[in-house]
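Colleague: Residue numbers (this note's numbering): 1 to 383.
The structure's right below; bear with me while I get my questions together.
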Amino acid sequence: MKRLGLFGSTGSIGENVLNVVRHNPDAFEIVCLTAHHNVQKLADQALEFRPQSVCICAEEHAGYLKEKLSGTSIRITHGHTGLVDLAREESFDMMVGAIVGSAGLLPTIEAIKAGKNIALANKETLVVAGEIVNHLLEKHKVDLIPIDSEHSALFQCLVGESSDSVKRLILTASGGPFLHTPVEEFETLTVESALKHPNWNMGAKITVDSATMMNKGLEVIEAHWLFRMPSEKIDIIIHPQSIIHSMVEFVDGSIKSQMGLPDMKLPIQYALTYPGRIQNGYESVDFTKYNRLDFYQPDTKKFPCLRLAYDALKAMGTMPAVLNAANEMAVSKFLKREIGFNDIPRWIEKAMNAHSIHPDPSLDDVLEADRWAREFCSGEIKT
Ligand SMILES: NC(=O)c1ccc[n+]([C@@H]2O[C@H](COP(=O)([O-])OP(=O)(O)OC[C@H]3O[C@@H](n4cnc5c(N)ncnc54)[C@H](OP(=O)(O)O)[C@@H]3O)[C@@H](O)[C@H]2O)c1
Numbered sequence: 001m002k003r004l005g006l007f008g009s010t011g012s013i014g015e016n017v018l019n020v021v022r023h024n025p026d027a028f029e030i031v032c033l034t035a036h037h038n039v040q041k042l043a044d045q046a047l048e049f050r051p052q053s054v055c056i057c058a059e060e061h062a063g064y065l066k067e068k069l070s071g072t073s074i075r076i077t078h079g080h081t082g083l084v085d086l087a088r089e090e091s092f093d094m095m096v097g098a099i100v101g102s103a104g105l106l107p108t109i110e111a112i113k114a115g116k117n118i119a120l121a122n123k124e125t126l127v128v129a130g131e132i133v134n135h136l137l138e139k140h141k142v143d144l145i146p147i148d149s150e151h152s153a154l155f156q157c158l159v160g161e162s163s164d165s166v167k168r169l170i171l172t173a174s175g176g177p178f179l180h181t182p183v184e185e186f187e188t189l190t191v192e193s194a195l196k197h198p199n200w201n202m203g204a205k206i207t208v209d210s211a212t213m214m215n216k217g218l219e220v221i222e223a224h225w226l227f228r229m230p231s232e233k234i235d236i237i238i239h240p241q242s243i244i245h246s247m248v249e250f251v252d253g254s255i256k257s258q259m260g261l262p263d264m265k266l267p268i269q270y271a272l273t274y275p276g277r278i279q280n281g282y283e284s285v286d287f288t289k290y291n292r293l294d295f296y297q298p299d300t301k302k303f304p305c306l307r308l309a310y311d312a313l314k315a316m317g318t319m320p321a322v323l324n325a326a327n328e329m330a331v332s333k334f335l336k337r338e339i340g341f342n343d344i345p346r347w348i349e350k351a352m353n354a355h356s357i358h359p360d361p362s363l364d365d366v367l368e369a370d371r372w373a374r375e376f377c378s379g380e381i382k383t
């Protein structure tokens, strides 16, 4: 029985994790659950899964949660201090990192320091502080298994292979809802159209990231840290059907891919059961329905976020943290209809141009770069 600490249980990944646990009650136990604002869903999940602890980050909801869980022995914590304490102190074997954004960084770091293995969906943690996280993983002898479907695919292709034999990693990208939209229309794209992803049902932030293709840019940085590959060896190919989840080409020219229907339950289950695999009743790919798989080169002029992410990776130091924080700010303002779709890359580029890189940052330096970029972007919207 694996004991799981699920951080970000009320989101799209969090709910899929709970679906996997529901189907495998003898394999997994939920030890703690956390949410930001969604106290109603958190309370329902707690009453179903009976964890030892829950954390609601928005402190104003703690009273409601207490009332809903009265009569149970579930411990209630709140605030970001409560979240970080839970990551460090609660007795789970594996943290499932399903929080969105750089808010997932500190709890993940605390869990690693406490020797807990990590199943990571929260790509922003590696984007912001990949080198620091890798150093801690080595120091505390902790495994980190990716949940992101592309990285799960790469991870599965690399099992049993040496890194010397890898020629390049090939990340597939659906291209998002605007793959075929003329660039002239980008200035007036609406929030509703950006939230209509053709293949995946995900949280709002990652869905907008897919529309700008920043999601793929963040994934290039994530792949760099996960597999310790230089950016020149990480390529992107547009594959609108999302059946091939990513590929690895080896030095002999052989290519391995991992395929499946676009359903996050598969990579989640793999991360929770690795190195084993367990059966499930999920639908298989019917290749007669997918008898055509398309591939295109990504268009970095149309999707400048891709170029910005490669630039941040080349610049390194605190630049990826600035890229990420500016993107989080811009996406949040876009979702509130305060800025347009094209303002997202504009803001990010402005913040990156204005940033003085710290080349070898500590955790505090990275957090300061994140804070600086958010302040910079707030200033931008005022002007
Ligand atoms: N969704 C996917 O299919 C998918 C695929 C690959 C990778 N990912 C990655 O997985 C992560 C989660 O994505 P998602 O789509 O599941 O996001 P989501 O649906 O927006 O859920 C995010 C979760 O994080 C919590 N949260 C948000 N802000 C927080 C904060 N400041 N402090 C603490 N908790 C906070 C939310 O709580 P509330 O519900 O209370 O707001 C929710 O539980 C992201 O990094 C994303 O890039 C997602």
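We treat Cβ as the ideally placed atom computed from N, Cα and C, and that holds for glycine.
If you're wondering where the values come from, they're calculated on a predicted model, not measured in any experiment.
Report the residue ranges of all beta strand (DSSP E) runs contained in full by the segment 159 to 232; include only those spanning at least 3 residues, in chain order.
Modeller: 166 to 173
Colleague: Between which two residues does the alpha helix (DSSP H) holding Asn-392 run?
Modeller: No answer is possible for residue 392: the residues shown for the chain start at 1 and end at 383.
Colleague: Closer than 8 Å: is that where the CB of Ile-339 sits relative to any heavy atom of ligand 1?
Modeller: Here the question's residue 339 lines up with position 339 in the sequence shown. Not so, every heavy atom of ligand 1 lies at least 8 Å from the Cβ.
Colleague: How do the segment 172 to 182 and the segment 225 to 244 stand: do at least 3 beta-carbon pairs fall below 8 Å, yes or no?
Modeller: yes
Colleague: So does Cys-57 have its beta carbon nearer than 8 Å to some heavy atom of ligand 1?
Modeller: As a first step, residue 57 is located in the sequence shown; it is residue number 57 there, counting from the start. Yes, Cβ of Cys-57 sits closer than 8 Å to a heavy atom of ligand 1.
Colleague: I need the straight-line Cα distance from Cys-32 to Glu-90, nearest angstrom please.
Modeller: Numbered from its first residue, the sequence shown carries residue 32 at position 32. Numbered from its first residue, the sequence shown carries residue 90 at position 90. Their backbone Cα atoms lie some 8 Å apart in a straight line.
Colleague: Would you say the beta carbon of His-78 is closer than 8 Å to some non-hydrogen atom of ligand 1?
Modeller: Taking the sequence shown and counting its residues from 1, one reaches residue 78 at position 78. His-78: no, Cβ never under 8 Å from ligand 1.
Colleague: Just to confirm, are Ile-99 and Thr-181 a CB contact at a threshold of 9 Å?
Modeller: For this step, residue 99 is matched to residue 99 along the sequence shown. For this step, residue 181 is matched to residue 181 along the sequence shown. Cβ distance not < 9 Å, so Ile-99 and Thr-181 don't count as in contact.
Colleague: From what residue to what residue does the beta strand (DSSP E) around Arg-75 run?
Modeller: As a working note, residue 75 is residue 75 in the sequence shown. Arg-75 -> beta strand (DSSP E) spans 75 to 78.
Colleague: Just tell me which of Gly-260, Asp-299, Asn-134 has its CA closest to the CA of Leu-293.
Modeller: On the sequence shown, residue 293 is found 293 positions in, with the first residue counted as 1. The candidate whose alpha carbon is nearest that of Leu-293 is Gly-260.
Colleague: Roughly how many whole angstroms lie between the Cα atoms of Leu-272 and Ile-348?
Modeller: On the sequence shown, position 272 is the one that residue 272 refers to. On the sequence shown, position 348 is the one that residue 348 refers to. Between the alpha carbons of Leu-272 and Ile-348 lies a distance of about 35 Å.
Colleague: Confirm, please, whether the CB-CB distance from Thr-77 to Met-95 is below 9 Å.
Modeller: Translated into the one-based positions of the sequence shown, residue 95 becomes position 95. Translated into the one-based positions of the sequence shown, residue 77 becomes position 77. Taking 9 Å as the Cβ cut-off, Met-95 and Thr-77 do not qualify as a contacting pair.
Colleague: For Ala-354, which of His-140, Trp-372, Arg-337 has the nearest alpha-carbon?
Modeller: In the sequence shown, residue 354 corresponds to position 354, counting from 1. Comparing Cα-Cα distances from Ala-354 to each of His-140, Trp-372, Arg-337, the minimum goes to Trp-372.
Colleague: Helix, strand or coil: which one does DSSP assign to Arg-277?
Modeller: Position 277 of the sequence shown holds residue 277. Three-state result, Arg-277: coil.
Colleague: Can you tell me whether Leu-126 is helix, strand or coil according to DSSP?
Modeller: Translated into positions along the sequence shown, residue 126 becomes position 126. Assignment of Leu-126 by DSSP, reduced to helix, strand and coil, places it in the helix class.
Colleague: Around the C-beta of Glu-402, are 16 or more other C-beta atoms found within 10 angstroms, so that it is buried, or is it exposed?
Modeller: Residue 402 lies beyond the range of the chain shown here (1 to 383); nothing can be said about it.
Colleague: To which residues does DSSP link Arg-250 through a beta bridge?
Modeller: Taking the first residue of the sequence shown as 1, we reach residue 250 at position 250. The residue you asked about is not Arg; residue 250 is Phe in the sequence shown. Its beta-bridge partners are Val-166.
Colleague: Reducing DSSP to helix, strand and coil, say where Ile-99 ends up.
Modeller: The count along the sequence shown starts at 1 and reaches residue 99 at position 99. In this structure, Ile-99 counts as coil in the three-state DSSP scheme.
Colleague: So who's on the other strand from Ala-309, going by DSSP bridges?
Modeller: Along the sequence shown, read from residue 1 onward, the residue named residue 309 stands at position 309. DSSP output for Ala-309 lists no bridge partner at all.
Colleague: Taking the alpha carbon of Ala-87 as the reference point, which residue from Ala-114, Gly-63, Pro-198, His-61 has its own alpha carbon closest?
Modeller: To locate residue 87, count along the sequence shown from 1; it is residue 87. Ranking the options by Cα distance to Ala-87, first place goes to Ala-114.
Colleague: Who are the Cβ neighbours of Ile-132 in its own chain at under 6 Å, not counting the five residues just before and after it?
Modeller: Position 132 of the sequence shown, counted from the start, is the residue given in the question as residue 132. Leu-363, listed in sequence order.
Colleague: Run through the DSSP bridge pairs and tell me what Gly-5 is partnered with.
Modeller: Residue numbering aside, residue 5 sits at position 5 when the sequence shown is read from its first letter. In the DSSP output, where bridge partners are listed per residue, Gly-5 has Cys-32, Met-95.
Colleague: If you draw a straight line from the C-alpha of Arg-75 to the C-alpha of Val-21, how long is it?
Modeller: Against the sequence shown, residue 75 aligns to sequence position 75. Against the sequence shown, residue 21 aligns to sequence position 21. Inter-residue distance for Arg-75 and Val-21 is about 21 Å (C-alpha atoms, whole angstroms).
Colleague: My understanding is that Ile-147 touches Leu-126, with C-beta atoms under 8 Å, so please give their C-beta distance in whole angstroms.
Modeller: Looking up residue 147 in the sequence shown gives position 147. Looking up residue 126 in the sequence shown gives position 126. In fact, because the Cβ distance is near 12 Å, the residues do not count as touching under 8 Å.
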